Amino acid sequence: VYMRKLENILLRGRSDPTPDSLTSAAASAGTGRLGVASLDLDALHLHFHSPACQRLYGWLVDYPAEIVPLMDILLGRELETLRDTLRLQQEERLADAEAHGDEQEMEAAAGILELLP
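Heads up, the sequence shown is in our numbering, so the first residue is 2 and it goes up one at a time.
As structure tokens, this is what we get:
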């Protein structure tokens, strides 16, 4: 679920609101800083993910001032990795479409490549 949200933020600069909204209320309502996407992580999702994540959850509760900035750095790195993966996928898609002469597919892949920062 979170990866889909990250892809939407990366490609569209926002995430579509859902009933389990993982985006902040400010981003969903259109308030806050203009052009800034937000992703709120539910700590209970972290807690119930795995035993290792329960330990991370415990640190988050005990040391929020130290863990939250580290999670922010990690999320930034994951977004960079996701961007690079999406770019590679779209470049391969574009090359395949060019090889097959599929104009519509070429336009779609080129359009997504233009969206990636």
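For each residue, glycine too, the CB sits at the ideal point set by N, CA and C. Note that the structure is a prediction, hence the values are computed from the model and not measured.
Following the DSSP letters along the chain, one finds residue 63 inside the alpha helix (DSSP H) bounded by residues 52 to 63.
For residue 71, the closest of 84, 57, 83, 81 by C-alpha to C-alpha distance is 57. When rounded, the separation of the alpha-carbon atoms in residue 114 and residue 101 is 19 Å.
Under the DSSP assignment, residue 112 falls in the alpha helix (DSSP H) whose first and last residues are 104 to 116. Take residue 106, set aside five residues on each side of it, and the residues of its chain with a beta-carbon closer than 6 Å to its own are 98, in chain order. Non-local beta-carbon contacts of residue 68 in its own chain, meaning distances under 8 Å to residues more than five positions away in sequence, involve 57, 60, 61 in chain order. Per DSSP, reduced to three states, the secondary structure at residue 95 is helical.
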